[in-house]
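At position 177 of the sequence shown the residue is numbered 177 (UniProt numbering), and the sequence of numbers has no breaks.
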Amino acid sequence: MLDRYARQIIDPPLNRLGRGLAARGMTANFVTLVGLALGLLAALVIALGAPALALVPLLASRIADGLDGAVARATRKTDFGGYLDITADFLFYGAIPMGFVWLSPATNGAAGAFLLTAFYFNGASFLGYAILAEKHGQKTDAQGQKSLYYSNGILEGTETIAFFVLLCLLPAYFAPLSWIFGALCFATACLRINAAKQIYTA
1 MLDRYARQII DPPLNRLGRG LAARGMTANF VTLVGLALGL LAALVIALGA PALALVPLLA
61 SRIADGLDGA VARATRKTDF GGYLDITADF LFYGAIPMGF VWLSPATNGA AGAFLLTAFY
121 FNGASFLGYA ILAEKHGQKT DAQGQKSLYY SNGILEGTET IAFFVLLCLL PAYFAPLSWI
181 FGALCFATAC LRINAAKQIY TA
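Next comes the structure, spelled out in structure tokens:
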């Protein structure tokens, strides 16, 4: 819901930095993998008992996630690059809740399982919608220039990053926050499926 507004703020500086990295020979795929590595490091730091410290690699990973697209736009966008980017994003989104479950399985296990199920459902609705949009020739730049169709929803990347930051700052509230956020993920997926039904039923 907030991605299109966040993009208006973050894209100009990211594009400038992306052009500078591209001029130095940096590739978009390398930046994607660096971002993923930082995200997985954040999950590990959470699991080891330092959620607040995990904010450093977590936020750095999301900067890298924005930079890879900026580097690609400054050089050459490829279908594989977009594929690698979304795959890395989904792994990151699953790894952070997993870190909290590993941190305290007894306390966080049920809520973490619910949250990951909600992510799985929401991700499937997102990717399925992108396939339908591509099949019907739909395009959108509402969330920036992407390699696949980004359908909007109640929860998008901006909200998810804010949620992860909140979890790191308030780890004792992982369970209640995850039940709430997971429910909103389910709502987002259901609304997206209903939108697809309205548009693509023929």
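Glycine is no exception: its CB is placed at the ideal position from the N, C-alpha and C atoms.
From a predicted model like this one, the values you see are computed outputs, not experimental measurements.
Where the alpha helix (DSSP H) through residue i begins and ends
i     : result
Arg76 : Careful: Arg76 lies outside any alpha helix (DSSP H) and carries neither H nor E.
Own chain partners of residue i with C-beta closer than 6 angstroms, once the 5 adjacent residues on each side are dropped
i      : result
Ile199 : none
Ile96  : Ala43 and Phe164
Gly182 : Phe114, Leu115 and Ala118
Ala60  : Leu38
Phe174 : Phe100, Asn108 and Leu167
Cβ shell of residue i (< 7 angstroms), same chain only, five flanking positions each side left out
i      : result
Asp65  : Gly35 and Asp89
Ala54  : Ala42, Val45, Ile46 and Cys168
Arg62  : Ile161
Leu132 : Ala196 and Tyr200
Residues near residue i in its chain [Cβ-Cβ closer than 8 angstroms; skip 5 each side]
i      : result
Gly25  : none
Leu116 : Gly94, Pro97 and Met98
Leu40  : Leu91, Phe92 and Ala95
Thr32  : Ala64, Asp65, Asp68, Gly81, Leu84, Asp85 and Ala88
Thr188 : Asn122, Ser125, Gly153, Ile154 and Leu155
Pro176 : Ala111
Pro57  : Leu38, Gly39, Leu41, Ala42 and Val45
**Message:** Threshold first: 4 residues or longer. Then list the alpha helix (DSSP H) segments lying entirely within the region 37-71, N to C.
**Reply:** none
**Request:** Run through the region 87-175 for me and flag every whole alpha helix (DSSP H) of 4 or more residues, listed as ranges in chain order.
**Result:** 105-135 and 157-169
**Request:** Please determine if the region 119-128 and the region 76-83 are in contact, where contact requires at least 3 C-beta pairs separated by less than 8 angstroms.
**Result:** At 8 angstroms Cβ cutoff, the stretches do not touch.
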